[in-house]
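For reference, each letter of the sequence shown is one residue, going 4 to 76 in the numbering used here. Just so it is clear, CB atoms sit at the ideal spot from N, CA and C, and this is done for glycine as well.
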Amino acid sequence: MKKDTITSFLDFFAGLFVGIALVCGGLCFFLFSDLGLVVAGFFALFVFGLFVFFALMAKSMSALIKESQRERI
């Protein structure tokens, strides 16, 4: 695989993970609202944080793989 293809895949998955984080975080909040506001908020933030972590990892790996015109330190 070429570097451009890998970075495109990583960028795609970063966007996908952000979308999943937003949707699942909101759904988690509404699904667990019967258990109480604190429990629902905790689960929603946990799910949101988990998928945002994967999105940040994919975006960082994509940025590291991309060709840079500047010199590396």
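Rounded to the nearest angstrom, what separates residue i and residue j at their Cα positions?
i	j	result
A43	A58	23 angstroms
C27	F49	10 angstroms
A17	F56	10 angstroms
Tell me which same chain residues have a C-beta within less than 6 angstroms of the C-beta of residue i, skipping the five on either side of it?
i	result
I23	F54
Going by CA-CA distance only, name the one from the options that's closest to residue i.
i	options	result
L30	F12, F51 and L13	F51
K62	L19, C27 and F45	L19
L25	L34, T8 and A47	A47
For residue i, which residues in the same chain have their Cβ closer than 8 angstroms to its Cβ, ignoring the five residues on either side in sequence?
i	result
I68	K6, I9, T10 and L13
F70	Looking at the sequence itself, residue 70 is Glu, so the reference to Phe does not match. Result list for E70: K6, in chain order.
When DSSP labels each residue in this structure, what does residue i get in the three-state scheme?
i	result
M64	helix
G29	helix
G39	coil
K69	coil
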